[in-house]
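Data block below; observations after.
There are 2 protein chains.
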Amino acid sequence: MWGIELLRQREVSLKRQIYQTLRDQIINGRIEAGEVLPSTRELAKQLAVSRNTVCEAYEMLLAEGFILCRQGSPTRVAEGLYIDRSPGAEAYEEPSRHAQPILADFRTGQPDLRHFPRFQWYQILRKAYEEMPLSQLGYTGPEGLLHLREEIAAWLFRNKGLVINSQNIFVTAGSTHGLHLISDLLCRDGKGILMEDPCHMGMLQVFRSKGYPVYPIPVDAQGLQVEYLEEKSACAVYVTPSHQFPLGGILPANRRAALIRFAKEKGIYIVEDDYDSEFRYCGEPVAPLYSMDPQRVIYVGTFSKVLFPALRIGYVVLPRQLHARWRYLRTHTDVQNPPFEQAALAEYLRSRKLDRYIQKMRRLYGERRQVLLQSLEEKFGKEWHSWGDAAGLHIALEFPGMCFDKQFVNSSKRSGIRITPVEYHSICKGKHQDKLLLGYGHLEPEEILKGVSLMYEFIKDYFDIFHTQIK
Amino acid sequence: MWGIELLRQREVSLKRQIYQTLRDQIINGRIEAGEVLPSTRELAKQLAVSRNTVCEAYEMLLAEGFILCRQGSPTRVAEGLYIDRSPGAEAYEEPSRHAQPILADFRTGQPDLRHFPRFQWYQILRKAYEEMPLSQLGYTGPEGLLHLREEIAAWLFRNKGLVINSQNIFVTAGSTHGLHLISDLLCRDGKGILMEDPCHMGMLQVFRSKGYPVYPIPVDAQGLQVEYLEEKSACAVYVTPSHQFPLGGILPANRRAALIRFAKEKGIYIVEDDYDSEFRYCGEPVAPLYSMDPQRVIYVGTFSKVLFPALRIGYVVLPRQLHARWRYLRTHTDVQNPPFEQAALAEYLRSRKLDRYIQKMRRLYGERRQVLLQSLEEKFGKEWHSWGDAAGLHIALEFPGMCFDKQFVNSSKRSGIRITPVEYHSICKGKHQDKLLLGYGHLEPEEILKGVSLMYEFIKDYFDIFHTQIK
Numbered sequence: 000m001w002g003i004e005l006l007r008q009r010e011v012s013l014k015r016q017i018y019q020t021l022r023d024q025i026i027n028g029r030i031e032a033g034e035v036l037p038s039t040r041e042l043a044k045q046l047a048v049s050r051n052t053v054c055e056a057y058e059m060l061l062a063e064g065f066i067l068c069r070q071g072s073p074t075r076v077a078e079g080l081y082i083d084r085s086p087g088a089e090a091y092e093e094p095s096r097h098a099q100p101i102l103a104d105f106r107t108g109q110p111d112l113r114h115f116p117r118f119q120w121y122q123i124l125r126k127a128y129e130e131m132p133l134s135q136l137g138y139t140g141p142e143g144l145l146h147l148r149e150e151i152a153a154w155l156f157r158n159k160g161l162v163i164n165s166q167n168i169f170v171t172a173g174s175t176h177g178l179h180l181i182s183d184l185l186c187r188d189g190k191g192i193l194m195e196d197p198c199h200m201g202m203l204q205v206f207r208s209k210g211y212p213v214y215p216i217p218v219d220a221q222g223l224q225v226e227y228l229e230e231k232s233a234c235a236v237y238v239t240p241s242h243q244f245p246l247g248g249i250l251p252a253n254r255r256a257a258l259i260r261f262a263k264e265k266g267i268y269i270v271e272d273d274y275d276s277e278f279r280y281c282g283e284p285v286a287p288l289y290s291m292d293p294q295r296v297i298y299v300g301t302f303s304k305v306l307f308p309a310l311r312i313g314y315v316v317l318p319r320q321l322h323a324r325w326r327y328l329r330t331h332t333d334v335q336n337p338p339f340e341q342a343a344l345a346e347y348l349r350s351r352k353l354d355r356y357i358q359k360m361r362r363l364y365g366e367r368r369q370v371l372l373q374s375l376e377e378k379f380g381k382e383w384h385s386w387g388d389a390a391g392l393h394i395a396l397e398f399p400g401m402c403f404d405k406q407f408v409n410s411s412k413r414s415g416i417r418i419t420p421v422e423y424h425s426i427c428k429g430k431h432q433d434k435l436l437l438g439y440g441h442l443e444p445e446e447i448l449k450g451v452s453l454m455y456e457f458i459k460d461y462f463d464i465f466h467t468q469i470k
Numbered sequence: 000m001w002g003i004e005l006l007r008q009r010e011v012s013l014k015r016q017i018y019q020t021l022r023d024q025i026i027n028g029r030i031e032a033g034e035v036l037p038s039t040r041e042l043a044k045q046l047a048v049s050r051n052t053v054c055e056a057y058e059m060l061l062a063e064g065f066i067l068c069r070q071g072s073p074t075r076v077a078e079g080l081y082i083d084r085s086p087g088a089e090a091y092e093e094p095s096r097h098a099q100p101i102l103a104d105f106r107t108g109q110p111d112l113r114h115f116p117r118f119q120w121y122q123i124l125r126k127a128y129e130e131m132p133l134s135q136l137g138y139t140g141p142e143g144l145l146h147l148r149e150e151i152a153a154w155l156f157r158n159k160g161l162v163i164n165s166q167n168i169f170v171t172a173g174s175t176h177g178l179h180l181i182s183d184l185l186c187r188d189g190k191g192i193l194m195e196d197p198c199h200m201g202m203l204q205v206f207r208s209k210g211y212p213v214y215p216i217p218v219d220a221q222g223l224q225v226e227y228l229e230e231k232s233a234c235a236v237y238v239t240p241s242h243q244f245p246l247g248g249i250l251p252a253n254r255r256a257a258l259i260r261f262a263k264e265k266g267i268y269i270v271e272d273d274y275d276s277e278f279r280y281c282g283e284p285v286a287p288l289y290s291m292d293p294q295r296v297i298y299v300g301t302f303s304k305v306l307f308p309a310l311r312i313g314y315v316v317l318p319r320q321l322h323a324r325w326r327y328l329r330t331h332t333d334v335q336n337p338p339f340e341q342a343a344l345a346e347y348l349r350s351r352k353l354d355r356y357i358q359k360m361r362r363l364y365g366e367r368r369q370v371l372l373q374s375l376e377e378k379f380g381k382e383w384h385s386w387g388d389a390a391g392l393h394i395a396l397e398f399p400g401m402c403f404d405k406q407f408v409n410s411s412k413r414s415g416i417r418i419t420p421v422e423y424h425s426i427c428k429g430k431h432q433d434k435l436l437l438g439y440g441h442l443e444p445e446e447i448l449k450g451v452s453l454m455y456e457f458i459k460d461y462f463d464i465f466h467t468q469i470k
């Protein structure tokens with residue numbers, strides 16, 4: 000009857016099944032405009048359902064204008080409802096994920112989650128949840144929870160010596176999110192951004208994905224080469240002065256001063272991404288560039304690396320003149336962060352648990368770094384040297400004379416080795432083909448040893464070298 | 000000595016205090032380039048600290064390039080470090096928030112949080128947390144948790160009869176976030192968007208904040224007036240067909256069909272924002288436009304209204320051809336949602352708790368709506384009529400002959416009444432000056448009665464009317 004087949008076991012009610020079938024038939028044109036539908040009594044009888052069920056289905060069709068009912072007239076299908084649907088995309092399969100198993104995983108930016116004190120975090124989250132005022136389930140504003148902003152200010156003071164008013168701190172959903180908003184905040188009238196080259200490909204894509212122009216400034220072992228700074232119609236310079244990504248340099252004081260003088264002269268901002276300087280293995284964390292000129296430097300920080308990536312909490316420190324527009328943009332981008340993790344993080348900071356956790360992980364990562372360097376030396380002898388400062392969760396290696404291109408990456412992937420050449424993160428290609436990045440933070444010492452060993456075998460075969468030295 | 004004043008009670012270590020003071024003096028130019036610093040032994044003695052402390056401070060300065068040490072030579076300040084800092088912004092005070100107390104709060108889009116089963120949600124969150132695999136603390140992809148996407152698909156089928164492959168569902172951080180990404184996804188080459196007028200001011204600002212052109216299409220009591228649709232170099236039409244915001248119409252089937260034919264002819268998308276159709280007080284939820292052409296309609300949903308705003312979880316349903324670019328944009332916008340709320344929501348859906356909660360709230364909101372309508376009738380007699388369908392958390396009222404302008408709003412605010420004229424949400428001003436929006440979802444019946452009473456007194460005085468009728 001009218002193509003209606005009722006399935007009584009389904010969770011969808013019978014009236015909805017009737018409604019849907021009739022509706023679909025009308026849209027498809029199988030029931031035509033003006034056609035008379037059976038009376039509710041008649042249809043109920045034919046489908047063996049109560050008349051009420053059919054009445055309700057007809058009411059739904061009527062409310063949405065699919066049918067017309069007039070006192071004393073039969074129910075008819077309304078006009079102008081037929082649609083020739085757009086052709087559907089081909090049925091498709093999810094991209095296959097049964098790739099080669101990963102035997103050596105040197106990806107960068109992976110903190111070790113296995114050592115994260117989940118139970119402790121969970122207890123804090125619970126407490127935060129229990130104590131949360133009801134109002135925080137509603138909208139709490141684009142700045143982030145005040146309590147968290149105050150704790151971040153105190154933490155930045157304890158750990159990096161920054162004196163920051165919590166009013167200048169805005170909570171974000173991580174560095175990428177912060178940079179996304181900064182790009183919309185600053186890049187106007189076709190202006191672009193000056194970026195370190197090489198730099199983190201993900202951060203570069205934040206700007207590129209919106210079509211904002213990017214102007215590369217080369218980087219050496221000490222970081223940004225300030226002598227190459229040129230105006231280029233830019234609104235800001237993006238830098239990682241505490242630990243250049245990917246090459247690892249700490250920007251020296253004279254370059255910092257030159258950078259700030261340049262920005263000041265051109266009237267542009269400096270975006271300082273301090274993504275992992277908490278993990279520095281000799282000496283204290285480096286003082287942020289921010290402290291040298293808080294009116295010109297936008298400081299971007301994150302808790303993804305020190306806690307866990309899925310937390311999705313970071314922050315930016317903004318000069319006063321950008322506050323209003325930040326609030327406006329955040330409100331119309333994604334409104335705000337959820338409050339639970341914010342409250343938990345505030346407590347994690349207040350109770351100094353984060354300080355202790357970072358200390359513990361710094362020791363652990365430092366040991367892993369040693370294991371990595373030592374095993375590289377054992378395997379590769381003097382054929383390499385490392386770049387940059389003893390910090391972060393990855394290391395950049397130079398193998399003079401070798402060339403790590405796409406073919407190398409694909410081939411290594413087929414051998415189960417996940418490794419990134421510096422070239423991947425380069426804007427102007429061709430300058431860093433002899434360098435590899437090894438992320439080690441997430442690897443246990445035995446995983447590092449095994450990984451280096453596999454990598455050594457692979458590189459030896461791939462380049463057909465070391466034979467002479469070894470034999 | 001060198002301006003160093005050590006505070007031994009501070010949480011900042013002595014070495015850091017020494018380092019910071021010297022660094023600041025160098026940047027300020029109070030210690031000049033080339034100047035010789037005291038030996039570590041000497042400075043330690045003068046400051047009464049251990050020599051180690053001073054050594055460590057000097058090492059930090061050395062690492063960052065503030066000073067130069069050469070074997071056999073005294074330690075000197077490096078060149079080129081002096082910066083004339085940018086002038087600081089004036090010290091400022093937070094905008095004062097001790098405004099008039101709110102006596103009648105008719106803001107729109109506020110669900111009632113007091114009835115939210117916090118304890119139940121908390122138990123589910125706890126379970127989700129305990130059962131969460133460690134890998135979900137890392138990056139889990141821009142699509143959202145698979146389990147949640149499957150549960151959303153099942154829920155959309157149960158509640159709105161939509162048959163959607165979970166692969167087409169992408170989790171967002173709420174509707175605003177969804178729309179923000181959609182605008183970047185679709186608005187290219189200067190193309191804009193056709194929008195209902197009036198429409199939600201917040202949603203309009205999502206497009207405006209990025210400079211994308213917006214073309215208004217007028218709305219009547221039934222929703223979008225499809226006869227005014229014009230191409231206008233747009234990439235999409237934004238509509239709220241299940242419950243037009245703010246006027247409340249349900250788009251009738253013939254207009255739906257015309258809208259889809261228009262979009263098809265012009266080769267553009269339809270963005271369907273289904274922000275609150277779960278709360279419909281007569282009959283079932285309206286079937287989304289999506290079901291009429293899944294290849295052309297992008298369906299935007301949210302859990303902010305049905306659960307609580309701070310949850311920050313929504314979703315979009317995208318046709319296959321937009322998946323890859325969505326993934327790319329999400330990855331470079333804010334990466335992903337946090338996993339905890341996602342897992343909890345999946346369980347809340349799976350166990351049908353959301354279905355029951357919506358049912359309960361629908362009854363409650365429906366009762367409040369009745370109370371509101373009744374008390375409006377008691378107070379205002381026949382001087383008004385309501386617009387739109389019996390749905391959602393607000394109602395649009397027309398008071399023929401009255402004019403609710405900015406002055407009215409400011410004046411009502413001073414009297415402690417929070418109320419929004421439809422005009423606030425209008426793109427082309429001047430067409431809806433006789434209409435007010437009353438949000439009632441978050442108000443208990445006695446709050447509604449008191450609010451209407453206050454509003455009546457206020458309007459009576461403000462327009463100096465009703466006197467004749469009353470006396």
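Protein chains in written order, with numbering that gives the first Met the number 0: chain A, 0 to 470; chain B, 0 to 470. Glycine included, every Cβ here is placed at the ideal spot set by N, Cα and C. Values in this document were obtained by computation on a predicted structure and should not be read as measured data.
Test: residue i CB closer than 8 Å to a CB of chain B
i      : result
Q19/A  : yes
V315/A : no
V48/A  : no
T332/A : yes
E422/A : no
Residues that DSSP places opposite residue i in a beta bridge
i      : result
Y314/A : V170/A and G300/A
L328/A : According to DSSP, which records beta bridges pairwise, L328/A is partnered with nothing at all.
I269/A : V236/A and V296/A
L67/A  : R75/A
W386/A : A395/A
Residue i at chain A interface by Cβ criterion, 8 Å
i      : result
G297/B : The sequence given here places Ile at residue 297/B; Gly does not occur at that position. Taking Cβ atoms only, chain A never reaches closer than 8 Å to I297/B, which makes this a no.
I168/B : no
A43/B  : no
N253/B : yes
I216/B : no
K359/B : no
E10/B  : yes
Residue from the options with nearest C-alpha to residue i
i      : options                           : result
E230/A : I192/A, R368/A, R117/A and E346/A : I192/A
S72/A  : L328/A, V35/A and S134/A          : V35/A
F118/A : I26/B, L133/B and F118/B          : L133/B
R11/A  : R157/B, A77/B and V48/B           : The residue asked about is misnamed: residue 11/A is Val in this sequence, not Arg. Ranking the options by Cα distance to V11/A, first place goes to R157/B.
L21/A  : I259/B, A286/B and P116/B         : A286/B
A257/A : I82/B, P318/B and A343/B          : I82/B
Q335/B : I66/B, L124/B and Q135/B          : Q135/B
CB-CB length for residue i against residue j, believed under 8 Å
i      : j      : result
P245/A : C427/A : About 15 Å separates the two Cβ atoms, so there is no contact after all.
I416/A : L453/A : 6 Å
D272/B : M202/B : 7 Å
Any non-hydrogen atom of the ligand GDP within 7 Å of residue i CB
i     : result
N27/A : Ligands displayed in this structure: none; no statement on the ligand GDP is therefore possible.
Cβ contact (3+ pairs, closer than 8 Å) linking the segment 106-114 of chain B and the segment 53-70 of chain B = no
Does the segment 281-292 of chain A come close enough to the segment 58-73 of chain B that 3 or more CB-CB pairs lie under 8 Å?
-> yes
Is the segment 132-142 of chain B close to the segment 418-433 of chain B, with three or more CB pairs under 8 Å?
-> no
Sufficient close CB pairs (3 or more, under 8 Å) joining the segment 360-379 of chain A to the segment 198-218 of chain A | no
Is the segment 438-446 of chain B touching the segment 404-414 of chain B in the sense that three or more CB pairs, one from each, lie closer than 8 Å?
-> no
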